[in-house]
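Remarks on the structure that follows.
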Amino acid sequence: MMSVGLARKAAAFGASAAVLAALSAGLMSSPAQAASGPKVAVSAPKATPGDYDGSCPTKINFSAQIKVPVKGKTELAYRWLHGDGSKSKVNVIKLSGKGTKTVTVKQSITFKDDVKGWEAVQVLGPKKVTSKKGYFSVSCQKPQDDARTHLDVSVSARAWASPSSYAGRCDTYGDKIDFTGVIKTNRPSWVRYRWVLNGEVVDYGKIKVRDARKVGFGINPRHSQRGWAQLQVLSPDATSSNRAYYKVWCKDEYKDHDHKGDHKGDDKTPDSPAGALSATASVTTGAGCSVTATGSVTSAKAGTVTYSWALNGTVLSNGTVVFGADGGSEAINGFSTTSEIKSGTVTLSVSGAGGSDTESKSYVCS
């Protein structure tokens with residue numbers, strides 16, 4: 016059994032020498048009385064709780080009953096015996112009257128580590144007798160990691176762009192792309208978050224989340240561009256959403272380019288027809304690591320656009336979509352796999368009168 020403290024051992028040696036001497040003198044002075052003295056009985060100590068399993072430090076309480084025949088004035092002297100070999104100081108209780116008296120003695124010990132042991136009570140007077148051992152055990156649960164100090168709050172985030180592709184006039188007011196995010200928690204919590212657009216913080220806030228809450232912001236680009244937005248949770252548990260990709264194609268830029276031809280070299284205006292066509296793809300994984308891909312094509316010019324889907328370099332499907340005079344955005348047929356492909360890259364390739372474009376999405380299925 017582990018030691019329950021050097022202090023308690025020191026206290027054991029601090030027993031009253033006068034009390035022990037007096038008891039010894041009394042017992043030795045009258046052999047007849049010693050032989051026929053009163054019978055003293057002591058029960059085995061009881062631990063409460065007897066078998067502890069939980070966080071530490073913890074306090075265990077012990078109690079025992081001593082029965083002492085009393086005639087006139089009697090002194091009850093006793094001490095606790097510990098399973099590590101140490102002893103408590105001697106305690107003395109003065110009794111008076113006649114008959115057998117029952118005295119309950121108690122002690123408490125605080126444990127900081129696992130232990131299996133016993134306690135006993137030794138009566139020194141009016142007659143020396145020792146109880147049976149009372150056994151107990153303490154099993155301390157290990158403390159949780161520092162990472163689990165926020166009441167086990169778990170936070171997740173997801174984000175998307177709506178629409179993910181825009182084609183039209185960019186010299187008008189109003190958001191062209193709206194970004195929406197969902198924050199989920201496993202218990203009601205205050206959540207601090209921020210939005211990052213193409214690597215720069217553009218919005219932030221703090222909200223109370225019960226199960227799930229939506230947050231968002233919008234942009235109104237003045238020139239053609241592509242990029243991404245991400246929702247980042249700062250507390251109580253740091254995490255980030257997926258990147259929500261977007262594309263903006265300003266049709267008024269193409270008209271200026273076609274009719275004026277004086278924007279070549281301007282990084283805000285496409286200087287070739289290739290910028291008039293774009294592809295957008297998204298990939299999700301399901302049960303058994305199945306893969307599903309969906310996408311859309313945006314064109315600023317009329318005509319037929321061909322597209323093809325490839326997974327890890329292997330073409331799986333293809334098709335065409337026809338745009339009218341004003342162009343626009345059209346959803347295209349995607350594909351789904353039933354075989355288990357745990358990781359890979361999905362590529363959507365498009366080509367037509369506006370040029371060509373590709374977009375690739377990588378995924379990992381756990």
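So for the sequence shown, the numbering used here puts the first residue at 16; every next one is plus one.
By construction, the Cβ of each residue, glycine as well, lies at the ideal position given by its N, Cα and C atoms.
Values in this document were obtained by computation on a predicted structure and should not be read as measured data.
For residue j and residue i, the rounded distance between their alpha carbons
i	j	result
Val-330	Trp-324	6 Å
His-97	Lys-142	21 Å
Thr-164	Asn-201	Bear in mind that the predicted position of Thr-164 carries a pLDDT of just 48, short of 50, making it too unreliable to give a figure here.
Ser-123	Val-130	15 Å
Glu-268	Lys-191	Caution is warranted here: a pLDDT of 47 is assigned to Glu-268, below 50, making its placement in the model unreliable, and the coordinate value is therefore given only provisionally. Glu-268 and Lys-191: Cα-Cα distance of roughly 15 Å.
Trp-205	Val-197	14 Å
Leu-91	Phe-126	29 Å
Gly-339	Thr-319	9 Å
Thr-63	Leu-246	52 Å
Thr-187	Asn-235	9 Å
Tyr-261	Ala-174	12 Å
Val-107	Trp-133	23 Å
Lys-61	Phe-151	8 Å
Gly-112	Val-57	20 Å
Lys-82	Asp-167	52 Å
Arg-241	Val-263	6 Å
Val-365	Val-216	33 Å
Gly-342	Pro-203	47 Å
Arg-209	Asp-128	44 Å
Lys-316	Asn-257	32 Å
Trp-382	Val-85	Any property of residue 382 remains undetermined from this structure, which presents the chain solely from 16 to 381.
Ala-296	Leu-249	29 Å
Thr-254	Lys-104	58 Å
Leu-212	Val-153	55 Å
Thr-119	Val-138	13 Å
Asp-252	Lys-223	14 Å
Ser-177	Tyr-67	57 Å
Val-144	Ser-169	59 Å
Ser-101	Gln-156	27 Å
Thr-115	Val-55	9 Å
Val-298	Thr-335	20 Å
Residue i, DSSP secondary structure in three states
i	result
Lys-157	coil
Lys-148	coil
Gly-303	helix
Ala-56	strand
Ala-244	strand
Ala-253	coil
Ala-291	helix
Ser-314	strand
Ala-368	coil
Gly-140	strand
Ala-259	strand
Asp-167	coil
Arg-237	coil
Lys-121	strand
Val-105	coil
Gly-343	strand
Extent of the continuous beta strand (DSSP E) to which residue i belongs
i	result
Ile-81	73-97
Arg-202	Run containing Arg-202: none; DSSP gives neither H nor E here.
Thr-352	Per DSSP, Thr-352 belongs to no beta strand (DSSP E) and is neither H nor E.
Gly-100	It is not in any beta strand (DSSP E) - Gly-100 carries neither H nor E in the DSSP assignment.
Ala-62	61-63
Ser-218	It should be noted that the sequence gives Asp, not Ser, for residue 218. 215-224 is the span of the beta strand (DSSP E), which, as asked, contains Asp-218.
Gly-233	227-234
Ser-171	170-177
For residue i: DSSP bridge partner residues
i	result
Cys-265	Gly-183
Glu-374	Leu-363
Asp-129	None; Asp-129 has no bridge partner.
Leu-110	Thr-89
Asp-68	Ser-154
Asn-333	Ser-323
Lys-116	Val-83
Ala-135	Leu-96
Ala-296	Gly-310
Asp-193	Ser-177 and Gly-233
The ligand MG heavy atom lying under 6 Å from the CB of residue i
i	result
Pro-84	Inclusion of the ligand MG in the displayed structure is not the case, the ligand content being empty and no account of it being possible.
Closer than 7 Å to chain B by CB, residue i
i	result
Lys-74	In the structure shown, chain B cannot be found, because there is only a single protein chain.
Touch test, the region 304-312 against the region 345-363, Cβ-Cβ under 8 Å, three pairs minimum: Verdict: yes, contact present.
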